[in-house]
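Going by this note's numbering, 282 is the number at position 300 of the sequence shown; the sequence numbering is gapless.
All C-beta atoms, glycine included, are put in the ideal place defined by N, C-alpha and C.
Please read these numbers as outputs of a predicted model, since none were measured by experiment.
To keep things clear, I will list the structure first and then write my remarks on it.
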Amino acid sequence: MKLWGGRFTKETNELVNNFNASISFDQKFFKQDIQGSIAHAKMLGATGIISDEESLAIQEGLKGILADIESEKLEITDEYEDIHTFMEATLIERIGDAGKKLHTGRSRNDQVALDMRLFTREEVKAVDAEIKELMAVILRIMKENTNTYMPGFTHLQKAQPVTVAHHFGAYFEMFKRDRSRLHDIYERMNYCPLGSGALAGTTYPLDRELTASLLNFYGPTLNSMDSVSDRDYLIEFLSALSIVMMHLSRFSEEICVWNSNEYRFIELDDAYSTGSSIMPQKKNPDIAELVRGKTGRVYGSLMSLLTTMKGIPLAYNKDMQEDKELSFDAFDTVKGCVSLFRGMIDTMKFNNERMEDSAKKGFTNATDAADYLVKNGVPFRDAHGIVGQLVLLCIDKGIALDDLSLEEYQAISPVFKEDIYEAISLKTCVEKRLTLGAPGPDMMDKVIAICEEYMND
Ligand code: ARG
-17 MKLWGGRFTK ETNELVNNFN ASISFDQKFF KQDIQGSIAH AKMLGATGII
33 SDEESLAIQE GLKGILADIE SEKLEITDEY EDIHTFMEAT LIERIGDAGK
83 KLHTGRSRND QVALDMRLFT REEVKAVDAE IKELMAVILR IMKENTNTYM
133 PGFTHLQKAQ PVTVAHHFGA YFEMFKRDRS RLHDIYERMN YCPLGSGALA
183 GTTYPLDREL TASLLNFYGP TLNSMDSVSD RDYLIEFLSA LSIVMMHLSR
233 FSEEICVWNS NEYRFIELDD AYSTGSSIMP QKKNPDIAEL VRGKTGRVYG
283 SLMSLLTTMK GIPLAYNKDM QEDKELSFDA FDTVKGCVSL FRGMIDTMKF
333 NNERMEDSAK KGFTNATDAA DYLVKNGVPF RDAHGIVGQL VLLCIDKGIA
383 LDDLSLEEYQ AISPVFKEDI YEAISLKTCV EKRLTLGAPG PDMMDKVIAI
433 CEEYMND
């Protein structure tokens, strides 16, 4: 069923109908379509474009349709081209002639621009809420692990000792920036395109301020051609979602590495891991792998929409209908990934001994040994060379810097004294790192207090 048969003399080809139709996916925003239509009908009544009785009849009719869809008394069927057509036809069927006036001063172009914006606006908030919940778990882990030592890596080589609190704190900051991006996007997108018509507004005296405020927008958009053809807000959102996934994917990669037999830094809960159909010993980090894998899918939706939009002349073109399936898929994928990832890290256990042992064995205190020499008057570049020689000696003997005898130290530099052992102990190495943002527990406590304030905002 169509809204535009008047100037046609032939039926549409069946394949064309199917190719053109969007109802199979745009029914996802039936609520927003009704919400927008109710606001439009109120405004048409308030401005006298239609009578108050007609406006009320339309509003009541739409509310009835909403209730019936929600209670599954009314089914959205594929015989209509899109959700907009379905709604209008059903309204007319239910309330008669008044229903035929709903579309006065409106086009499906501004209607779909509105519906998608209303839908996406809620999704921005929903993703934001999911990320905040994930951050609460990260913060809980940080609070419990300011003294849990682990090696910090660069080039995936053990570098300097850090703590679990510090490592997780890095992700806290990333997700904080993700939320701030979502906030900016919301602020920019929250303007109402309704009343832009097909592209050039309308000759009816619509009150666009009224519809914008009825729908909780900051105000109406200012150019009707832009309003019906702007999909920037979606591209920005997909870009922000891609960055969220990039962060989750890096985190997932670390979970896979830490969970491997070689590392065993963590153990994933049975509820969040899977087995192999052939190898009985296996406990695989499938959730982390899938989150990492689904990152490509979300990047794909961003690339897809950017490419769809790049050659479209003003104003509305049907290409834009392609914005929906990929966006819905990306929204659902990201919400699912954030929430599963949260459950996975909330239930995993840290193997503190393994991590500490690994930090001790990887010469992560070599910089501190050089700093010890510097504090005792040796220029840093010389100190670097001396400790390099000590490391070579240790590699040769298969031991850590902590295990060399004082004689061995002094054979390479007489500056070393008995207090070297204290100076390069893991505890000292971490505790003395007290610059702002460093892993020293006293500093970490201060940063955690700031994170807590952020979460209470
Ligand atoms: N299904 C269409 C879309 O998603 C709705 C707008 C249709 N407008 C039109 N002029 N055909 O973009």
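Going by DSSP in three states, residue i sits in which element: helix, strand or coil?
| i | result |
| --- | --- |
| I248 | strand |
| Q139 | strand |
| F233 | helix |
| M132 | strand |
| F332 | strand |
| V356 | helix |
| G367 | helix |
| V316 | helix |
| T410 | helix |
| N127 | coil |
| V144 | strand |
| T346 | coil |
| T184 | coil |
| Y436 | helix |
| N(-1) | helix |
| A200 | In the sequence on display, residue 200 carries Tyr and not Ala. Y200: coil per DSSP, three-state reduction. |
| Y403 | helix |
| N243 | coil |
| Y62 | coil |
| T102 | helix |
| T193 | helix |
| N266 | strand |
Classify residue i: buried if its beta carbon has 16 or more other beta carbons within 10 angstroms, exposed otherwise.
| i | result |
| --- | --- |
| R99 | buried |
| P337 | Here the sequence assigns Met to residue 337, which means Pro is not the residue at that position. Buried, since its Cβ has 16 or more Cβ neighbours within 10 Å. |
| T417 | exposed |
| H229 | buried |
| D8 | buried |
| I248 | buried |
| R415 | buried |
| Q371 | exposed |
| T185 | exposed |
For residue i, collect the residues of the same chain with a Cβ closer than 6 Å to its Cβ; drop the 5 residues on either side in sequence, then sort them by chain order.
| i | result |
| --- | --- |
| H149 | none |
| A141 | G134, F135 |
| L188 | G87, G177 |
Hey, is residue i close to ligand 2, as in C-beta under 6 Å from one of its heavy atoms?
| i | result |
| --- | --- |
| S4 | For the structure depicted, ligand 2 is absent and the ligand set comprises only ligand 1. |
Excluding the 5 residues preceding and the 5 following residue i in the sequence, name in chain order all residues of the same chain whose CB lies nearer than 7 Å to its CB.
| i | result |
| --- | --- |
| Y131 | P143, T145, M337, E338, A341, L408, V412 |
| T193 | A21, H22, M25, C174, L176, G177 |
Leaving out five residues on either side along the sequence, give the residues of the same chain with a beta carbon under 8 Å from the beta carbon of residue i.
| i | result |
| --- | --- |
| H165 | D110 |
| K83 | L26, I32, E36, I40 |
| Y215 | R99, T102, I167, R170, M171 |
Pairing CB atoms from the stretch 90 to 108 with CB atoms from the stretch 29 to 45, are three or more of them under 8 Å? By the criterion of at least three beta-carbon pairs nearer than 8 Å, the stretch 90 to 108 is not in contact with the stretch 29 to 45.
Would you check if the stretch 226 to 241 and the stretch 257 to 276 touch, i.e. whether three or more CB-CB distances between them fall below 8 Å? The stretch 257 to 276 is in contact with the stretch 226 to 241.
Cβ pair count under 8 Å reaching 3, the stretch 183 to 203 against the stretch 285 to 293: No, the stretch 183 to 203 is not in contact with the stretch 285 to 293.
Taking contact to mean 3 or more Cβ pairs, one atom from each stretch, closer than 8 Å, check whether the stretch 340 to 353 and the stretch 380 to 395 are in contact. By the Cβ test, the stretch 340 to 353 is in contact with the stretch 380 to 395, since at least three Cβ pairs between them sit closer than 8 Å.
Within the stretch 25 to 57, note down every full alpha helix (DSSP H) run reaching 4 residues or more, in order along the chain. Entirely contained in the stretch 25 to 57, the alpha helix (DSSP H) runs reaching 4 residues are, in chain order, 34 to 52.
With contact counted as at least three CB pairs below 8 Å, one residue from each stretch, are the stretch 172 to 187 and the stretch 250 to 266 in contact? With a cut-off of 8 Å on Cβ pairs, the stretch 172 to 187 is not in contact with the stretch 250 to 266, counting fewer than three such pairs.
Three or more beta-carbon pairs under 8 Å between the stretch 238 to 248 and the stretch 323 to 336, yes or no? Contact between the stretch 238 to 248 and the stretch 323 to 336 is present: three or more C-beta pairs spanning the two stretches fall below 8 Å.
Are there three or more Cβ pairs, one per stretch, closer than 8 Å when the stretch 5 to 22 is compared with the stretch 68 to 87? As far as the Cβ criterion goes, the stretch 5 to 22 touches the stretch 68 to 87, which means the pair count is three or higher.
Three or more C-beta pairs closer than 8 Å, one from the stretch 383 to 398 and one from the stretch 421 to 433: is that the case here? Contact fails: fewer than three Cβ-Cβ distances are below 8 Å.
Beta strand (DSSP E) segments (min. 3 residues) lying fully within the stretch 287 to 317: Taken in chain order, no unbroken stretch of beta strand (DSSP E) lies wholly in the stretch 287 to 317 with a span of 3 residues or more.
Okay, do the stretch 348 to 360 and the stretch 318 to 328 touch, 3+ Cβ pairs below 8 Å being the bar? Taking a cut-off of 8 Å for Cβ pairs, the stretch 348 to 360 and the stretch 318 to 328 do not touch, as fewer than three such pairs fall below it.
Would you list, in sequence order, the uninterrupted alpha helix (DSSP H) runs of no fewer than 4 residues that lie entirely inside the stretch 206 to 233? Entirely contained in the stretch 206 to 233, the alpha helix (DSSP H) runs reaching 4 residues are, in chain order, 206 to 211.
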